[in-house]
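A short worksheet on the structure shown next.
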Amino acid sequence: MLRPWCWFAASLALLGGTAPAGAATLLLRQVTATIHADGRVQEQVRMRVRIDGTADAEEWSDHVVYLDENRKLDSLEVRVQSAGKAEPSAKGVSYDWMEVPASYEVHSSARYRVASLPPLGAGDVVFIEQGVTARPYFPAETIALTLGETTERLEVKVQGAAGLRWHLTGTREGLTVEEIAGGLRISAQGLPAEAQTAGAPAEVSEGPVLHYAWGSARDWDGVGRWYRELAASVPLAEPPVTAQAVTVVGAATGRREKALALTRFVRDGVRYVAVEVGIGGYRPYSPRQTLEQKWGDCKGKSYLLIDLLRAVGISAWPVLVRAATDSTTPDAFASPIGFNHMIVAIEAEGVAAPGEPVAEGLLFVDPTLDHGELAWLHPSVKGQPALVVKGEGSRLVRIPLDPQAESQRLRLALSVAEDRAARGGAGVEIRGADASQILSLALSAPPERLDAALRGAFLALLPGATVGTVSWSALDGAIPAISLSASVTLPQLLAPDGSGFSFLLPASGAFPEPKDLEGRTLPILLEPGVREVLWSLNLPAGPCSVSAEPVEIGNALGSFRQTVNVNDEGRLVRVTRRTEVLARRAEVADLTALKELALTERRTAKRRIRVACAQP
Numbered sequence: 192m193l194r195p196w197c198w199f200a201a202s203l204a205l206l207g208g209t210a211p212a213g214a215a216t217l218l219l220r221q222v223t224a225t226i227h228a229d230g231r232v233q234e235q236v237r238m239r240v241r242i243d244g245t246a247d248a249e250e251w252s253d254h255v256v257y258l259d260e261n262r263k264l265d266s267l268e269v270r271v272q273s274a275g276k277a278e279p280s281a282k283g284v285s286y287d288w289m290e291v292p293a294s295y296e297v298h299s300s301a302r303y304r305v306a307s308l309p310p311l312g313a314g315d316v317v318f319i320e321q322g323v324t325a326r327p328y329f330p331a332e333t334i335a336l337t338l339g340e341t342t343e344r345l346e347v348k349v350q351g352a353a354g355l356r357w358h359l360t361g362t363r364e365g366l367t368v369e370e371i372a373g374g375l376r377i378s379a380q381g382l383p384a385e386a387q388t389a390g391a392p393a394e395v396s397e398g399p400v401l402h403y404a405w406g407s408a409r410d411w412d413g414v415g416r417w418y419r420e421l422a423a424s425v426p427l428a429e430p431p432v433t434a435q436a437v438t439v440v441g442a443a444t445g446r447r448e449k450a451l452a453l454t455r456f457v458r459d460g461v462r463y464v465a466v467e468v469g470i471g472g473y474r475p476y477s478p479r480q481t482l483e484q485k486w487g488d489c490k491g492k493s494y495l496l497i498d499l500l501r502a503v504g505i506s507a508w509p510v511l512v513r514a515a516t517d518s519t520t521p522d523a524f525a526s527p528i529g530f531n532h533m534i535v536a537i538e539a540e541g542v543a544a545p546g547e548p549v550a551e552g553l554l555f556v557d558p559t560l561d562h563g564e565l566a567w568l569h570p571s572v573k574g575q576p577a578l579v580v581k582g583e584g585s586r587l588v589r590i591p592l593d594p595q596a597e598s599q600r601l602r603l604a605l606s607v608a609e610d611r612a613a614r615g616g617a618g619v620e621i622r623g624a625d626a627s628q629i630l631s632l633a634l635s636a637p638p639e640r641l642d643a644a645l646r647g648a649f650l651a652l653l654p655g656a657t658v659g660t661v662s663w664s665a666l667d668g669a670i671p672a673i674s675l676s677a678s679v680t681l682p683q684l685l686a687p688d689g690s691g692f693s694f695l696l697p698a699s700g701a702f703p704e705p706k707d708l709e710g711r712t713l714p715i716l717l718e719p720g721v722r723e724v725l726w727s728l729n730l731p732a733g734p735c736s737v738s739a740e741p742v743e744i745g746n747a748l749g750s751f752r753q754t755v756n757v758n759d760e761g762r763l764v765r766v767t768r769r770t771e772v773l774a775r776r777a778e779v780a781d782l783t784a785l786k787e788l789a790l791t792e793r794r795t796a797k798r799r800i801r802v803a804c805a806q807p
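So in the working numbering, spot 165 of the sequence shown is number 356, and the numbers just go up one at a time.
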């Protein structure tokens with residue numbers, strides 16, 4: 192699981208505030224964004240929401256508007272027209288402020304204006320009118336075009352900017368898009384509530400979103416220039432930082448050894464803490480300040496590592512990226528709004544080793560990670576487009592995937608007793624993000640929470656098993672890895688079958704359920720990685736034989752294979768399964784290939800393995 196990252200200021204704020212998803216009906220939603228010459232954006236929102244049931248009433252009991260140092264509330268009025276009444280009323284509506292910094296933030300400028308409504312009933316209509324003035328640091332904003340409800344009438348207009356550029360993520364179905372002088376108009380009538388989007392990327396499941404921008408930065412190099420100018424006042428190469436770099440590398444002479452030493456120093460010696468105040472959401476503290484205070488956010492830690500590397504002659508640059516497993520940055524539209532994290536790109540020559548995350552001559556390193564070496568990045572950034580901010584020309588580079596780095600390998604040595612229960616030992620080696628999470632728990636969590644996590648890891652692989660005391664150890668290597676072991680019992684694993692036995696083994700769950708792919712018209716998210724299981728079953732009688740044929744299938748999305756054999760004079764059955772997922776998501780055009788993988792794995796898991804044994 193991904194821990195919270197360093198969010199760039201207002202990167203996800205959507206025009207029109209926030210609204211809960213439910214099944215009410217938006218009778219009207221109007222959003223007008225007016226761009227002024229001084230860079231201000233005035234947002235005017237009008238909504239009429241009809242409550243259709245009890246669940247809707249609960250979902251719409253509060254209206255929340257996101258604000259921060261650069262988003263100020265101009266006006267907010269909420270009224271309710273009760274069913275059968277002629278006019279809406281503000282009676283019973285109360286207003287309050289809410290500040291909820293994330294657990295990893297010492298301070299945040301994010302604030303929420305909350306309008307709490309009186310009890311609502313079916314047929315009531317909520318009237319919302321609000322105005323917000325935003326001063327974005329980069330000339331770009333977003334508007335969510337749907338809120339998950341049926342929308343009878345939608346009107347969105349952006350105006351006031353010559354040379355406006357825009358991009359829509361999600362479906363355009365039902366939308367009318369018109370370019371107007373200095374802006375854009377989007378309208379729709381009768382938009383249905385969002386269909387079932389289980390497993391879909393956020394840019395699809397959250398409905399269409401309008402991204403728009405204006406000004407001179409019109410491509411990714413322009414976005415890079417904007418960030419370089421923003422960070423130009425950050426002092427670099429100050430004597431304390433240079434001296435620290437020399438001290439850390441010591442007698443090391445190789446570029447790789449120096450890079451490793453400096454990365455370890457920043458990861459281990461500088462604590463991750465987020466402090467987002469205004470421009471601090473974008474601009475880093477100076478490397479010297481981060482070094483001396485021994486804490487910093489992702490920008491502070493990244494700039495410190497860059498400064499240390501440059502001090503010993505290794506070229507490195509900041510990288511803006513989106514850290515998320517369920518969404519990505521629209522690479523067709525140049526804007527920093529989609530990014531929420533900063534890492535580092537290092538000139539790979541002389542530093543990178545085979546198998547490490549290298550693309551276009553750059554090695555990508557995340558100095559905020561608690562575990563692992565240069566070979567490992569968290570899966571939330573793998574496969575993501577990332578903006579490398581370079582003086583000679585910034586460019587978008589896709590960080591490579593590495594499915595082999597995220598793996599679970601289970602080994603079982605079980606003996607089957609006369610009661611058909613299988614008992615014995617189990618061991619699992621976990622590499623990657625799951626291992627990193629458990630290692631972090633071991634450092635900070637109460638023992639009972641760590642024990643629950645370790646047991647959960649076994650039960651996820653062996654549902655229905657009884658798991659004894661779990662022991663564990665960290666494994667050496669460039670990728671976070673742990674080894675777990677425990678005694679396990681699987682009750683009545685074997686069932687009588689003619690002159691022998693038969694049994695079922697659980698599926699890995701790496702691929703979606705085939706039924707979830709039937710008639711699907713949306714992409715689906717996947718988790719790249721490897722899952723491998725080796726079952727060794729000592730039988731209560733013998734000699735025995737199996738007739739199971741090997742199963743193997745593979746395509747660009749992944750692979751699955753199973754082999755079954757008997758040895759040790761017919762008393763030991765070995766079943767090996769290996770599932771590999773190679774992509775972050777499957778597009779609609781890929782769903783047939785994905786279904787082939789999913790069906791093969793599920794059918795194999797549902798097919799009993801039959802063991803024929805000689806009569807005593």
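Glycine included, each C-beta is placed from N, C-alpha and C at the ideal position.
Strand pairing of residue i, partner residues [DSSP]
i, result
"T367", "S378"
"Q575", "Per DSSP, none; premise fails for Q575."
"N746", "G749"
"I242", "BP columns for I242 are empty, so no partner."
"D253", "S307"
Pairwise C-alpha distance: residue j and residue i
i, j, result
"L560", "V755", "40 angstroms"
"A201", "R513", "The predicted position of A201 is uncertain, since its pLDDT is 34 and thus under 50; no value can be drawn from it."
"R801", "G761", "13 angstroms"
"A543", "L495", "20 angstroms"
"D265", "A335", "20 angstroms"
"N729", "V757", "10 angstroms"
"W357", "H402", "5 angstroms"
"G491", "S506", "18 angstroms"
"G668", "D522", "34 angstroms"
"I528", "E639", "40 angstroms"
"D315", "E250", "13 angstroms"
"R231", "V414", "19 angstroms"
"A698", "E332", "44 angstroms"
"P719", "V779", "18 angstroms"
"Y295", "A739", "Annotation note: pLDDT 49 at Y295 (below 50); position unreliable, coordinate value reported separately. The straight-line gap from Cα to Cα measures roughly 52 angstroms."
"R799", "E547", "41 angstroms"
Cβ-Cβ distance between residue i and residue j below 7 angstroms
i, j, result
"A422", "P330", "no"
"I629", "I670", "no"
"Q683", "R611", "yes"
"A701", "L748", "no"
"L685", "F694", "yes"
"A274", "V240", "no"
"Q599", "R722", "yes"
"A636", "V658", "no"
"F456", "V432", "no"
"L180", "L482", "The structure shown does not extend to residue 180, since the chain is modelled only from 192 through 807, so no value can be given for it."
"V305", "V284", "no"
"V588", "A550", "yes"
"A525", "F555", "no"
Close-in-space but distant-in-sequence residues of the same chain around residue i (CB under 8 angstroms, 5 per side omitted)
i, result
"T388", "V395, S396 and L713"
"G563", "S627, A669, I670 and P671"
"L608", "Going by the sequence as given, residue 608 is Ala instead of Leu. R614 and P731, listed in sequence order."
"I744", "S750, F751, R752, E787, L788 and T791"
"F649", "A617, V619, A656, V658, V661, L675, A677 and V679"
Neighbourhood of residue i by C-beta, 6 angstroms cutoff - its chain only, sequence neighbours within 5 removed
i, result
"E787", "none"
"G574", "L592 and R775"
"D287", "V305"
"V724", "L601 and R768"
"S477", "V425 and P426"
Pick from the options that is closest to residue i, judged by C-alpha positions
i, options, result
"R419", "V779, L578 and A248", "L578"
"D377", "A550, V757 and R220", "Checking the sequence, you will find Ile at residue 377 rather than Asp. Checking every option, the nearest Cα to that of I377 belongs to R220."
"T341", "T324, L355, A379 and K348", "A379"
"A539", "G655, D759, W251 and G504", "G504"
"R302", "T519, E260 and S699", "E260"
"A665", "G689, S631 and L653", "S631"
"A465", "L482, F456 and W486", "W486"
"G692", "D488, Q435, K581 and C735", "Gly is not the amino acid found at residue 692; the sequence shown has Phe there. The shortest C-alpha separation from F692 is found at C735."
"L675", "A651, V619 and K706", "V619"
"G351", "L696, I371 and D688", "I371"
Sequence-distant residues of its chain with Cβ nearer than 7 angstroms to residue i (five each side left out)
i, result
"Q235", "T223 and G322"
Cβ-heavy atom distance, residue i to the ligand GTP, below 6 angstroms
i, result
"D498", "Ligands in the displayed structure: none, and consequently the ligand GTP is not present."
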